[in-house]
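Step one of this worksheet: look at the structure below.
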Amino acid sequence: MGLIAELNGLQARHGYLRDTDMKELAGRLRLPLYRLQEVASFYPHFRATPPPRVEISLCRDLCCFLAGGERWNAKVKELLKGQPDTEVREVSCLGRCEKAPAALVNGQAVGGESAERIAELSRKPEPPASREPAPERRWRLDPYDTGSEPFSVAKYVICNADESEPGTFKDRVILEELPHLVIEGMCIAATVVGARRGWIYLRHEYEHVCLALERAMDRARSLGLLGRDFDVEIFLSPGGYIMGEETALLEALEEKRGEPRNKPPFPGTRGLWGKPTLVNNVETLAMIPVILKRGADWWKAQGVRGHHGLKVMAVSGHVARPGVYEIGLGTTVAELIEMAGGVSGGRRLKAFTPGGASSNFLPAEQVHVEIDFASIQAAGSMLGSGALVVIAEGTEMLSLAANVARFFRNESCGKCVPCRVGTEKVVKMLDDILAGNGNGVLLEILPGLEETLALTSICGLGQVALNPLTSVLRHWPEEVKRHLARSQKL
(Lines of atoms letter the chains of each structure in order from A; the text may use other names.)
(Lines give C-alpha, C1' and ligand atoms only; values in the text may rest on other atoms or scores of the structure.)
Protein backbone atom coordinates (compact mmCIF):
# COMPACT_ATOMS: atom_id res chain seq x y z
CA MET A 0 0.00 0.00 0.00
CA GLY A 1 1.44 3.38 -1.03
CA LEU A 2 1.72 6.62 0.92
CA ILE A 3 -1.46 8.30 -0.32
CA ALA A 4 -3.44 5.09 0.15
CA GLU A 5 -2.13 4.87 3.72
CA LEU A 6 -3.13 8.49 4.35
CA ASN A 7 -6.57 7.82 2.88
CA GLY A 8 -6.93 4.86 5.23
CA LEU A 9 -5.92 6.88 8.30
CA GLN A 10 -8.31 9.66 7.34
CA ALA A 11 -11.16 7.18 6.86
CA ARG A 12 -10.54 5.50 10.23
CA HIS A 13 -10.07 8.56 12.42
CA GLY A 14 -11.51 11.44 10.42
CA TYR A 15 -8.14 13.19 10.34
CA LEU A 16 -4.40 12.50 10.27
CA ARG A 17 -3.28 12.13 13.89
CA ASP A 18 0.29 13.08 14.78
CA THR A 19 0.95 9.71 16.39
CA ASP A 20 -0.27 7.86 13.31
CA MET A 21 1.82 10.05 11.00
CA LYS A 22 4.97 9.33 13.01
CA GLU A 23 4.21 5.61 13.09
CA LEU A 24 3.56 5.61 9.33
CA ALA A 25 6.78 7.51 8.63
CA GLY A 26 8.72 4.87 10.54
CA ARG A 27 6.96 2.00 8.85
CA LEU A 28 7.49 3.42 5.36
CA ARG A 29 11.03 4.53 6.23
CA LEU A 30 10.30 8.08 5.15
CA PRO A 31 11.09 11.34 6.95
CA LEU A 32 8.04 12.87 8.62
CA TYR A 33 8.30 16.04 6.53
CA ARG A 34 7.84 13.91 3.40
CA LEU A 35 4.44 12.76 4.68
CA GLN A 36 3.50 16.27 5.73
CA GLU A 37 4.42 17.86 2.40
CA VAL A 38 2.13 15.41 0.61
CA ALA A 39 -0.74 15.57 3.12
CA SER A 40 -0.73 19.38 3.23
CA PHE A 41 -1.18 19.63 -0.54
CA TYR A 42 -4.45 17.72 -0.87
CA PRO A 43 -7.72 19.29 0.36
CA HIS A 44 -9.22 15.96 1.44
CA PHE A 45 -6.77 15.50 4.31
CA ARG A 46 -7.38 17.07 7.72
CA ALA A 47 -4.76 17.77 10.37
CA THR A 48 -7.28 18.40 13.16
CA PRO A 49 -10.14 16.30 14.58
CA PRO A 50 -13.35 16.63 12.56
CA PRO A 51 -16.57 17.90 14.10
CA ARG A 52 -19.51 15.55 14.50
CA VAL A 53 -21.12 17.16 11.45
CA GLU A 54 -19.21 18.28 8.36
CA ILE A 55 -21.24 20.08 5.70
CA SER A 56 -19.65 21.06 2.39
CA LEU A 57 -21.62 23.50 0.23
CA CYS A 58 -20.80 23.88 -3.46
CA ARG A 59 -20.12 27.49 -4.46
CA ASP A 60 -19.39 27.11 -8.18
CA LEU A 61 -21.00 27.71 -11.56
CA CYS A 62 -24.18 25.57 -11.64
CA CYS A 63 -24.92 25.94 -7.95
CA PHE A 64 -24.33 29.69 -8.31
CA LEU A 65 -26.92 29.74 -11.13
CA ALA A 66 -29.34 27.83 -8.88
CA GLY A 67 -29.19 30.53 -6.22
CA GLY A 68 -26.33 28.93 -4.35
CA GLU A 69 -25.13 32.13 -2.69
CA ARG A 70 -28.47 32.69 -0.95
CA TRP A 71 -28.90 28.97 -0.28
CA ASN A 72 -25.44 28.66 1.28
CA ALA A 73 -26.05 31.72 3.43
CA LYS A 74 -29.36 30.30 4.65
CA VAL A 75 -27.81 26.92 5.53
CA LYS A 76 -25.11 28.72 7.51
CA GLU A 77 -27.70 30.82 9.32
CA LEU A 78 -29.86 27.79 10.17
CA LEU A 79 -26.86 25.93 11.60
CA LYS A 80 -25.31 28.90 13.35
CA GLY A 81 -24.60 27.92 16.91
CA GLN A 82 -25.28 24.21 16.36
CA PRO A 83 -22.62 22.47 18.45
CA ASP A 84 -19.85 20.43 16.87
CA THR A 85 -20.85 21.43 13.33
CA GLU A 86 -18.63 22.75 10.54
CA VAL A 87 -20.13 24.38 7.45
CA ARG A 88 -17.78 25.37 4.64
CA GLU A 89 -18.00 26.25 0.98
CA VAL A 90 -16.08 24.05 -1.45
CA SER A 91 -15.41 23.71 -5.16
CA CYS A 92 -17.72 21.85 -7.55
CA LEU A 93 -18.95 18.50 -6.18
CA GLY A 94 -19.89 17.01 -9.55
CA ARG A 95 -23.64 16.99 -8.80
CA CYS A 96 -24.45 19.88 -11.14
CA GLU A 97 -27.72 18.32 -12.34
CA LYS A 98 -29.05 18.58 -8.76
CA ALA A 99 -27.87 22.07 -7.89
CA PRO A 100 -27.51 23.45 -5.33
CA ALA A 101 -25.44 20.55 -4.03
CA ALA A 102 -23.87 19.66 -0.71
CA LEU A 103 -22.12 16.89 1.17
CA VAL A 104 -23.32 16.02 4.67
CA ASN A 105 -20.54 13.96 6.26
CA GLY A 106 -19.53 12.83 2.80
CA GLN A 107 -23.04 11.91 1.65
CA ALA A 108 -24.14 13.77 -1.48
CA VAL A 109 -27.34 15.79 -1.27
CA GLY A 110 -28.71 17.83 -4.17
CA GLY A 111 -31.68 20.01 -4.97
CA GLU A 112 -32.92 20.12 -1.39
CA SER A 113 -34.03 23.11 0.65
CA ALA A 114 -31.72 24.71 3.19
CA GLU A 115 -34.10 23.48 5.88
CA ARG A 116 -33.65 19.90 4.66
CA ILE A 117 -29.86 20.22 4.87
CA ALA A 118 -30.19 21.48 8.42
CA GLU A 119 -32.48 18.54 9.24
CA LEU A 120 -30.02 16.02 7.79
CA SER A 121 -27.23 17.56 9.83
CA ARG A 122 -28.99 16.62 13.05
CA LYS A 123 -28.85 12.88 12.34
CA PRO A 124 -25.71 12.38 10.29
CA GLU A 125 -23.46 9.40 9.88
CA PRO A 126 -20.40 10.18 12.04
CA PRO A 127 -17.34 10.86 9.84
CA ALA A 128 -15.11 8.41 11.71
CA SER A 129 -17.60 5.56 11.27
CA ARG A 130 -16.97 5.31 7.55
CA GLU A 131 -14.81 2.28 6.92
CA PRO A 132 -11.63 2.63 4.88
CA ALA A 133 -11.60 1.18 1.39
CA PRO A 134 -10.44 -2.40 0.89
CA GLU A 135 -6.68 -2.66 0.72
CA ARG A 136 -6.73 -4.29 -2.69
CA ARG A 137 -7.76 -0.97 -4.16
CA TRP A 138 -4.51 0.65 -3.29
CA ARG A 139 -1.65 -1.56 -4.43
CA LEU A 140 0.84 0.64 -6.19
CA ASP A 141 4.32 -0.76 -6.74
CA PRO A 142 6.35 0.19 -9.82
CA TYR A 143 8.38 -3.00 -9.59
CA ASP A 144 5.41 -5.34 -9.41
CA THR A 145 5.11 -6.03 -13.14
CA GLY A 146 4.73 -9.80 -13.21
CA SER A 147 6.93 -11.47 -15.79
CA GLU A 148 7.34 -8.29 -17.83
CA PRO A 149 10.74 -6.59 -17.46
CA PHE A 150 10.37 -3.21 -15.73
CA SER A 151 12.45 -1.57 -18.45
CA VAL A 152 9.65 -2.06 -20.98
CA ALA A 153 6.65 -1.63 -18.67
CA LYS A 154 3.68 0.33 -20.01
CA TYR A 155 0.57 1.52 -18.20
CA VAL A 156 -3.04 2.47 -18.94
CA ILE A 157 -4.82 5.03 -16.77
CA CYS A 158 -8.46 6.04 -16.80
CA ASN A 159 -8.72 9.68 -15.75
CA ALA A 160 -11.93 9.77 -13.70
CA ASP A 161 -10.99 12.88 -11.74
CA GLU A 162 -13.86 14.83 -13.30
CA SER A 163 -13.95 18.15 -11.42
CA GLU A 164 -14.83 20.86 -13.96
CA PRO A 165 -17.90 22.87 -12.89
CA GLY A 166 -20.86 21.76 -14.99
CA THR A 167 -19.35 18.35 -15.72
CA PHE A 168 -20.79 15.08 -14.40
CA LYS A 169 -21.09 12.77 -17.42
CA ASP A 170 -18.15 10.58 -16.37
CA ARG A 171 -19.78 9.97 -12.99
CA VAL A 172 -22.98 8.77 -14.66
CA ILE A 173 -21.07 6.52 -17.07
CA LEU A 174 -19.18 4.95 -14.17
CA GLU A 175 -22.38 4.50 -12.15
CA GLU A 176 -24.38 2.92 -14.96
CA LEU A 177 -21.88 1.44 -17.45
CA PRO A 178 -18.71 0.56 -15.51
CA HIS A 179 -18.18 -2.61 -17.56
CA LEU A 180 -17.69 -0.54 -20.73
CA VAL A 181 -14.89 1.43 -19.08
CA ILE A 182 -13.16 -1.75 -17.86
CA GLU A 183 -13.53 -3.34 -21.29
CA GLY A 184 -12.13 -0.24 -22.96
CA MET A 185 -9.11 -0.32 -20.66
CA CYS A 186 -8.53 -3.99 -21.51
CA ILE A 187 -8.62 -3.24 -25.23
CA ALA A 188 -6.32 -0.24 -24.83
CA ALA A 189 -3.88 -2.34 -22.81
CA THR A 190 -3.84 -5.00 -25.52
CA VAL A 191 -3.05 -2.39 -28.17
CA VAL A 192 -0.20 -0.70 -26.28
CA GLY A 193 1.12 -3.81 -24.53
CA ALA A 194 0.36 -2.76 -20.96
CA ARG A 195 -0.03 -5.17 -18.05
CA ARG A 196 -1.29 -2.78 -15.38
CA GLY A 197 -3.92 -0.08 -15.24
CA TRP A 198 -5.50 2.32 -12.77
CA ILE A 199 -8.77 4.15 -12.53
CA TYR A 200 -7.93 7.49 -10.96
CA LEU A 201 -11.19 8.43 -9.20
CA ARG A 202 -12.00 11.73 -7.50
CA HIS A 203 -12.77 11.17 -3.83
CA GLU A 204 -16.22 12.78 -4.10
CA TYR A 205 -17.10 9.83 -6.36
CA GLU A 206 -16.10 7.15 -3.86
CA HIS A 207 -19.62 5.72 -4.02
CA VAL A 208 -18.79 4.56 -7.58
CA CYS A 209 -16.16 2.13 -6.26
CA LEU A 210 -18.70 -0.59 -5.57
CA ALA A 211 -20.03 -0.59 -9.15
CA LEU A 212 -16.49 -0.56 -10.52
CA GLU A 213 -15.34 -3.42 -8.29
CA ARG A 214 -18.32 -5.53 -9.30
CA ALA A 215 -17.49 -4.92 -12.96
CA MET A 216 -13.83 -5.77 -12.31
CA ASP A 217 -14.78 -8.97 -10.46
CA ARG A 218 -17.04 -9.95 -13.34
CA ALA A 219 -14.21 -9.30 -15.81
CA ARG A 220 -11.85 -11.44 -13.72
CA SER A 221 -14.38 -14.27 -13.65
CA LEU A 222 -14.46 -14.16 -17.45
CA GLY A 223 -10.67 -14.15 -17.69
CA LEU A 224 -10.49 -10.60 -19.04
CA LEU A 225 -8.58 -9.28 -16.01
CA GLY A 226 -5.99 -10.79 -13.74
CA ARG A 227 -3.51 -12.67 -15.90
CA ASP A 228 -2.26 -10.49 -18.75
CA PHE A 229 -3.69 -7.20 -17.49
CA ASP A 230 -5.24 -6.00 -14.25
CA VAL A 231 -6.86 -2.78 -13.03
CA GLU A 232 -6.92 -1.09 -9.64
CA ILE A 233 -8.77 1.93 -8.28
CA PHE A 234 -6.80 4.88 -6.94
CA LEU A 235 -8.93 7.26 -4.90
CA SER A 236 -7.75 10.84 -5.32
CA PRO A 237 -7.19 12.93 -2.20
CA GLY A 238 -8.78 15.86 -3.99
CA GLY A 239 -8.14 18.95 -6.08
CA TYR A 240 -9.32 20.06 -9.53
CA ILE A 241 -5.72 20.22 -10.72
CA MET A 242 -5.54 16.43 -10.46
CA GLY A 243 -7.51 16.20 -13.69
CA GLU A 244 -4.37 17.41 -15.47
CA GLU A 245 -2.71 14.22 -16.67
CA THR A 246 0.79 14.88 -15.35
CA ALA A 247 -0.48 16.10 -11.96
CA LEU A 248 -2.42 12.85 -11.80
CA LEU A 249 0.80 10.93 -12.47
CA GLU A 250 2.56 12.81 -9.67
CA ALA A 251 -0.18 11.72 -7.25
CA LEU A 252 0.11 8.10 -8.40
CA GLU A 253 3.83 8.39 -7.65
CA GLU A 254 2.93 9.47 -4.07
CA LYS A 255 3.93 13.11 -4.58
CA ARG A 256 2.24 16.49 -4.46
CA GLY A 257 -0.09 16.71 -7.45
CA GLU A 258 1.68 19.49 -9.31
CA PRO A 259 1.74 19.45 -13.13
CA ARG A 260 4.96 18.61 -14.91
CA ASN A 261 6.60 20.58 -17.67
CA LYS A 262 5.84 19.11 -21.10
CA PRO A 263 7.49 17.70 -23.14
CA PRO A 264 8.12 14.90 -22.38
CA PHE A 265 4.52 13.73 -22.62
CA PRO A 266 3.07 10.74 -20.75
CA GLY A 267 3.00 8.65 -23.92
CA THR A 268 6.78 8.52 -23.89
CA ARG A 269 7.64 9.30 -20.26
CA GLY A 270 4.71 8.90 -17.92
CA LEU A 271 4.19 6.94 -14.71
CA TRP A 272 7.60 6.15 -13.15
CA GLY A 273 9.16 7.35 -16.41
CA LYS A 274 7.48 4.65 -18.51
CA PRO A 275 5.12 5.02 -21.50
CA THR A 276 1.65 5.68 -20.14
CA LEU A 277 -1.69 5.97 -21.91
CA VAL A 278 -4.04 8.37 -20.11
CA ASN A 279 -7.62 8.60 -21.38
CA ASN A 280 -10.88 9.84 -19.96
CA VAL A 281 -13.92 7.78 -19.01
CA GLU A 282 -15.99 8.58 -22.08
CA THR A 283 -13.24 7.70 -24.55
CA LEU A 284 -12.55 4.33 -22.92
CA ALA A 285 -16.26 3.50 -22.69
CA MET A 286 -16.71 4.15 -26.42
CA ILE A 287 -13.90 1.80 -27.53
CA PRO A 288 -15.76 -1.53 -27.12
CA VAL A 289 -18.89 -0.04 -28.70
CA ILE A 290 -16.98 1.04 -31.80
CA LEU A 291 -15.19 -2.30 -32.08
CA LYS A 292 -18.45 -4.22 -31.78
CA ARG A 293 -20.50 -2.13 -34.21
CA GLY A 294 -17.79 -0.97 -36.57
CA ALA A 295 -16.29 2.29 -37.78
CA ASP A 296 -18.97 2.79 -40.43
CA TRP A 297 -21.70 2.60 -37.79
CA TRP A 298 -19.81 5.10 -35.64
CA LYS A 299 -19.39 7.56 -38.48
CA ALA A 300 -23.08 7.30 -39.35
CA GLN A 301 -24.12 8.46 -35.86
CA GLY A 302 -23.19 12.05 -36.60
CA VAL A 303 -25.45 14.56 -38.33
CA ARG A 304 -24.89 17.43 -40.76
CA GLY A 305 -21.73 15.85 -42.11
CA HIS A 306 -20.13 15.16 -38.73
CA HIS A 307 -19.10 11.72 -37.49
CA GLY A 308 -19.55 9.97 -34.15
CA LEU A 309 -21.32 10.33 -30.83
CA LYS A 310 -20.75 12.68 -27.90
CA VAL A 311 -21.88 12.37 -24.31
CA MET A 312 -22.90 15.75 -22.91
CA ALA A 313 -23.75 16.86 -19.39
CA VAL A 314 -26.50 19.50 -19.49
CA SER A 315 -27.17 21.71 -16.49
CA GLY A 316 -27.96 25.24 -15.46
CA HIS A 317 -31.29 26.81 -16.36
CA VAL A 318 -32.89 23.82 -18.12
CA ALA A 319 -36.04 21.89 -17.29
CA ARG A 320 -34.42 18.43 -17.40
CA PRO A 321 -30.72 18.60 -16.51
CA GLY A 322 -28.86 15.36 -17.03
CA VAL A 323 -26.60 13.37 -19.35
CA TYR A 324 -27.46 13.11 -23.05
CA GLU A 325 -25.81 11.10 -25.82
CA ILE A 326 -26.04 12.95 -29.12
CA GLY A 327 -24.68 12.71 -32.62
CA LEU A 328 -21.88 15.16 -33.30
CA GLY A 329 -23.35 17.98 -35.35
CA THR A 330 -26.45 18.33 -33.18
CA THR A 331 -26.95 22.03 -32.46
CA VAL A 332 -26.87 23.55 -28.99
CA ALA A 333 -30.47 24.65 -29.54
CA GLU A 334 -31.52 21.07 -30.24
CA LEU A 335 -29.75 19.77 -27.14
CA ILE A 336 -31.40 22.42 -24.97
CA GLU A 337 -34.74 21.33 -26.43
CA MET A 338 -33.96 17.69 -25.55
CA ALA A 339 -33.38 18.88 -21.99
CA GLY A 340 -36.84 20.43 -21.86
CA GLY A 341 -35.88 23.94 -22.88
CA VAL A 342 -34.90 26.87 -20.70
CA SER A 343 -36.52 26.45 -17.29
CA GLY A 344 -39.30 28.69 -16.08
CA GLY A 345 -40.32 29.74 -19.57
CA ARG A 346 -37.46 32.22 -19.69
CA ARG A 347 -35.45 33.21 -22.72
CA LEU A 348 -31.89 32.06 -23.26
CA LYS A 349 -29.20 34.63 -22.56
CA ALA A 350 -25.96 32.66 -22.83
CA PHE A 351 -24.38 29.23 -22.63
CA THR A 352 -21.01 27.64 -22.12
CA PRO A 353 -20.49 24.51 -24.25
CA GLY A 354 -17.55 22.91 -22.47
CA GLY A 355 -17.68 23.57 -18.76
CA ALA A 356 -16.30 26.45 -16.74
CA SER A 357 -13.09 26.75 -18.75
CA SER A 358 -14.84 27.31 -22.08
CA ASN A 359 -15.85 30.79 -23.22
CA PHE A 360 -19.40 32.02 -22.69
CA LEU A 361 -21.36 32.42 -25.91
CA PRO A 362 -24.47 34.60 -26.42
CA ALA A 363 -27.92 33.25 -27.27
CA GLU A 364 -27.47 34.39 -30.88
CA GLN A 365 -25.00 31.53 -31.37
CA VAL A 366 -27.30 28.81 -30.03
CA HIS A 367 -27.56 27.18 -33.46
CA VAL A 368 -23.85 26.32 -33.49
CA GLU A 369 -23.22 22.65 -34.15
CA ILE A 370 -21.75 20.60 -31.32
CA ASP A 371 -18.46 19.56 -32.82
CA PHE A 372 -14.90 20.37 -31.82
CA ALA A 373 -14.14 22.52 -34.88
CA SER A 374 -17.54 24.24 -35.00
CA ILE A 375 -17.47 25.25 -31.34
CA GLN A 376 -13.91 26.51 -31.73
CA ALA A 377 -14.89 28.57 -34.77
CA ALA A 378 -17.70 30.10 -32.69
CA GLY A 379 -15.13 31.31 -30.16
CA SER A 380 -15.26 28.64 -27.46
CA MET A 381 -14.34 24.97 -27.00
CA LEU A 382 -16.13 21.69 -26.42
CA GLY A 383 -13.83 21.09 -23.45
CA SER A 384 -15.25 18.71 -20.87
CA GLY A 385 -18.53 18.16 -22.73
CA ALA A 386 -20.62 20.19 -20.30
CA LEU A 387 -23.34 22.47 -21.64
CA VAL A 388 -24.35 25.02 -19.02
CA VAL A 389 -27.49 26.95 -19.96
CA ILE A 390 -27.90 30.53 -18.71
CA ALA A 391 -31.29 32.27 -18.75
CA GLU A 392 -32.14 35.93 -19.12
CA GLY A 393 -31.78 37.93 -15.94
CA THR A 394 -28.37 36.45 -15.10
CA GLU A 395 -25.64 38.97 -14.34
CA MET A 396 -22.79 37.82 -16.57
CA LEU A 397 -20.01 39.72 -14.83
CA SER A 398 -20.97 38.10 -11.53
CA LEU A 399 -20.91 34.73 -13.27
CA ALA A 400 -17.47 35.45 -14.73
CA ALA A 401 -16.26 36.42 -11.26
CA ASN A 402 -17.58 33.13 -9.88
CA VAL A 403 -15.61 31.18 -12.50
CA ALA A 404 -12.49 33.29 -11.88
CA ARG A 405 -12.72 32.49 -8.16
CA PHE A 406 -12.93 28.79 -8.96
CA PHE A 407 -9.67 28.88 -10.91
CA ARG A 408 -8.03 31.06 -8.24
CA ASN A 409 -9.09 28.59 -5.55
CA GLU A 410 -7.97 25.53 -7.53
CA SER A 411 -4.60 26.82 -8.72
CA CYS A 412 -1.91 24.55 -7.30
CA GLY A 413 0.36 27.58 -6.91
CA LYS A 414 3.36 26.00 -8.61
CA CYS A 415 3.78 28.65 -11.29
CA VAL A 416 3.72 32.37 -10.54
CA PRO A 417 1.61 33.55 -13.52
CA CYS A 418 -1.33 31.37 -12.53
CA ARG A 419 -0.99 31.86 -8.77
CA VAL A 420 -0.62 35.65 -8.89
CA GLY A 421 -2.62 36.38 -12.03
CA THR A 422 -5.81 34.67 -10.92
CA GLU A 423 -5.64 36.32 -7.50
CA LYS A 424 -5.18 39.74 -9.07
CA VAL A 425 -8.15 39.34 -11.40
CA VAL A 426 -10.46 38.13 -8.62
CA LYS A 427 -9.52 41.13 -6.46
CA MET A 428 -10.30 43.54 -9.29
CA LEU A 429 -13.60 41.84 -10.10
CA ASP A 430 -14.66 41.89 -6.46
CA ASP A 431 -13.89 45.62 -6.34
CA ILE A 432 -15.93 46.31 -9.49
CA LEU A 433 -18.92 44.28 -8.27
CA ALA A 434 -18.75 46.02 -4.88
CA GLY A 435 -18.83 49.43 -6.57
CA ASN A 436 -15.20 50.23 -5.81
CA GLY A 437 -13.63 49.41 -9.16
CA ASN A 438 -12.12 51.33 -12.02
CA GLY A 439 -11.14 50.70 -15.63
CA VAL A 440 -7.69 49.30 -14.85
CA LEU A 441 -8.87 45.70 -15.30
CA LEU A 442 -10.00 46.43 -18.85
CA GLU A 443 -6.59 47.91 -19.63
CA ILE A 444 -4.41 45.14 -18.22
CA LEU A 445 -6.58 42.11 -18.97
CA PRO A 446 -5.38 41.45 -22.56
CA GLY A 447 -1.74 41.42 -21.48
CA LEU A 448 -2.47 39.41 -18.35
CA GLU A 449 -4.45 36.84 -20.32
CA GLU A 450 -1.60 36.49 -22.83
CA THR A 451 0.95 36.10 -20.03
CA LEU A 452 -1.03 33.30 -18.37
CA ALA A 453 -1.69 31.56 -21.69
CA LEU A 454 1.98 31.58 -22.71
CA THR A 455 3.74 30.97 -19.41
CA SER A 456 1.47 28.82 -17.22
CA ILE A 457 2.65 25.22 -16.90
CA CYS A 458 -0.76 23.61 -17.37
CA GLY A 459 -4.16 24.22 -18.87
CA LEU A 460 -5.66 25.71 -15.71
CA GLY A 461 -3.65 28.90 -15.93
CA GLN A 462 -3.75 28.92 -19.71
CA VAL A 463 -7.56 29.17 -19.83
CA ALA A 464 -8.37 30.71 -16.43
CA LEU A 465 -9.18 34.17 -17.81
CA ASN A 466 -10.93 33.08 -21.00
CA PRO A 467 -14.47 33.05 -19.54
CA LEU A 468 -13.99 36.60 -18.25
CA THR A 469 -12.68 37.92 -21.57
CA SER A 470 -15.67 36.35 -23.34
CA VAL A 471 -18.03 38.25 -21.02
CA LEU A 472 -16.19 41.50 -21.73
CA ARG A 473 -16.46 40.78 -25.45
CA HIS A 474 -20.13 39.80 -25.64
CA TRP A 475 -21.66 41.82 -22.78
CA PRO A 476 -19.53 44.99 -22.51
CA GLU A 477 -22.54 47.06 -21.46
CA GLU A 478 -22.80 45.13 -18.19
CA VAL A 479 -19.20 45.87 -17.34
CA LYS A 480 -19.60 49.54 -18.23
CA ARG A 481 -22.70 49.73 -16.04
CA HIS A 482 -20.76 48.44 -13.03
CA LEU A 483 -17.89 50.83 -13.69
CA ALA A 484 -20.30 53.75 -14.04
CA ARG A 485 -21.83 52.84 -10.69
CA SER A 486 -18.36 52.83 -9.12
CA GLN A 487 -17.62 56.31 -10.46
CA LYS A 488 -20.91 57.68 -9.11
CA LEU A 489 -20.08 56.34 -5.67
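So for the sequence shown, numbering that gives the first Met the number 0 puts the first residue at 0; every next one is plus one. Every residue gets a Cβ at the ideal spot worked out from N, C-alpha and C, and that includes glycine.
If you draw a straight line from the alpha carbon of residue i to that of residue j, how long is it in whole angstroms?
i	j	result
Arg130	Pro446	Any reading at Arg130 must be qualified, since the residue scores a pLDDT of 44, below 50, and its modelled position is unreliable; the value itself is stated next. So the two alpha carbons sit approximately 48 Å from each other.
Ala350	Arg171	25 Å
Pro264	Leu448	27 Å
Glu364	His474	11 Å
Leu248	Ala295	31 Å
Arg136	Ile370	Because the pLDDT at Arg136 is just 41, under 50, the model does not fix this residue reliably, and the point stays unresolved.
Thr268	Leu382	27 Å
Ala25	Val75	40 Å
Gly459	Cys62	21 Å
Tyr15	Pro49	6 Å
Val471	Leu65	16 Å
Asn105	Gly439	44 Å
Leu489	Lys480	Note that Leu489 has pLDDT 48, beneath the 50 cutoff, so the model's placement of it is unreliable and no number is given.
Pro321	Leu30	48 Å
Glu478	Leu271	47 Å
Thr190	Phe229	8 Å
Asn261	Leu78	46 Å
Gly329	Val323	17 Å
Arg187	Ile290	The sequence given here has Ile at residue 187, not Arg. Ile187 and Ile290: Cα-Cα distance of roughly 11 Å.
Under DSSP, the alpha helix (DSSP H) around residue i begins and ends at which residues?
i	result
Ala58	Inspection of the sequence shows that residue 58 is occupied by Cys rather than by Ala. Taken as a continuous stretch (DSSP letters only), Cys58 belongs to no alpha helix (DSSP H), being part of the beta strand (DSSP E) at 53-58.
Gly223	That residue, Gly223, is in no alpha helix (DSSP H); it is neither H nor E in DSSP.
Ile370	Neither: Ile370 is in no alpha helix (DSSP H) and is coded neither H nor E.
Leu442	440-455
Ile241	Ile241 -> no alpha helix (DSSP H), and no H or E assigned at all.
Phe406	396-410
Glu37	32-39
Thr276	Run containing Thr276: none in the alpha helix (DSSP H); it sits in the beta strand (DSSP E), 276-280.
Phe561	Because residue 561 is not part of the residues shown, which for the chain are 0 to 489, the question remains open.
Thinking C-alpha only, which one of the options is nearest residue i?
i	options	result
Thr352	Gly1, Pro165, Thr19, Leu32	Pro165
His207	Cys186, Ile182, Leu235, Arg218	Leu235
Asn7	Ser40, Tyr33, Gly267	Ser40
Asn402	Asp371, Phe360, Glu176, Leu24	Phe360
Ile336	Glu244, Val388, Val440, Gly294	Val388
Leu224	Leu249, Glu245, Ile182	Ile182
Arg196	Tyr205, Met185, His203	Met185
Arg304	Met286, Ser374, Leu271	Ser374
Cys92	Ala377, Glu162, Thr48, Arg116	Glu162
Val156	Glu204, Glu232, Gly26	Glu232
Pro51	Gly270, Gly439, Asp84	Asp84
Asn72	Lys80, Arg59, Gln82	Arg59
Thr167	Gly354, Glu392, Ala484	Gly354
Phe407	Leu452, Glu392, Gly393, Leu201	Leu452
Leu442	Lys292, Ile390, Pro476, Pro417	Pro476
Ser358	Gln462, Lys123, Arg218, Leu222	Gln462
Pro275	Arg293, Glu325, Leu284, Val192	Val192
Ile326	Met338, Ala319, Glu176, Arg202	Met338
Lys98	Glu392, Ala313, Arg214, Thr330	Ala313
Arg214	Ile287, Glu176, Lys169, Ala101	Glu176
Leu222	Arg27, Tyr205, His179	His179
Ala101	Glu69, Leu79, Glu77	Glu69
Leu454	Ala484, Glu410, Pro417	Pro417
Gly1	Thr19, Glu112, Ala108, Ala251	Ala251
Gly379	Ala194, Leu201, Ile390, Pro362	Pro362
Thr283	Val368, Gln376, Leu309	Leu309
Locate the beta strand (DSSP E) running through residue i, then write down its first and last residues.
i	result
Ser315	309-316
Gly26	Run containing Gly26: none in the beta strand (DSSP E); it sits in the alpha helix (DSSP H), 18-28.
Glu86	85-90
Val389	386-391
Asn7	Careful: Asn7 lies outside any beta strand (DSSP E), inside the alpha helix (DSSP H) at 2-13.
Arg196	196-201
Gln107	107-110
Cys515	Nothing can be reported for residue 515: it is not among the residues displayed for the chain, which extend from 0 to 489.
Given residue i, which residues of its chain have a CB within under 8 Å of its CB, disregarding the five upstream and five downstream residues?
i	result
His482	Leu397, Ile432, Leu433, Gly435, Gly437
Ala404	Thr422, Val425, Val426, Leu429, Ala464, Leu465, Pro467, Leu468
Give me, in chain order, the residues of the same chain whose beta-carbon lies closer than 6 Å to that of residue i; leave out the 5 immediate sequence neighbours on both sides.
i	result
Cys415	Ser456, Ile457
Asp141	Because the pLDDT at Asp141 is just 46, under 50, the model does not fix this residue reliably, and the value given afterwards should be weighed accordingly. So no residue of the chain qualifies.
Arg347	Glu392
Glu204	Leu93, Gly94
So, for residue i: in the same chain, excluding its five sequence neighbours on each side, which residues have a beta-carbon less than 7 Å away from its beta-carbon?
i	result
Gly413	Arg419
Ala319	Ala339, Gly340, Gly341, Ser343
Gly316	Cys62, Leu65, Val388, Val389, Ile390
Please tell me whether residue i has its Cβ less than 8 Å away from any Cβ of chain E.
i	result
Lys310	As a matter of chain content, chain E is missing from the structure shown, which is built from one protein chain.
- Message: Quick check: the stretch 36-50 against the stretch 228-242, are at least 3 beta-carbon pairs closer than 8 Å?
- Response: yes
- Determine contact between the stretch 27-39 and the stretch 250-257, defined as no fewer than three beta-carbon pairs at a distance below 8 Å. yes
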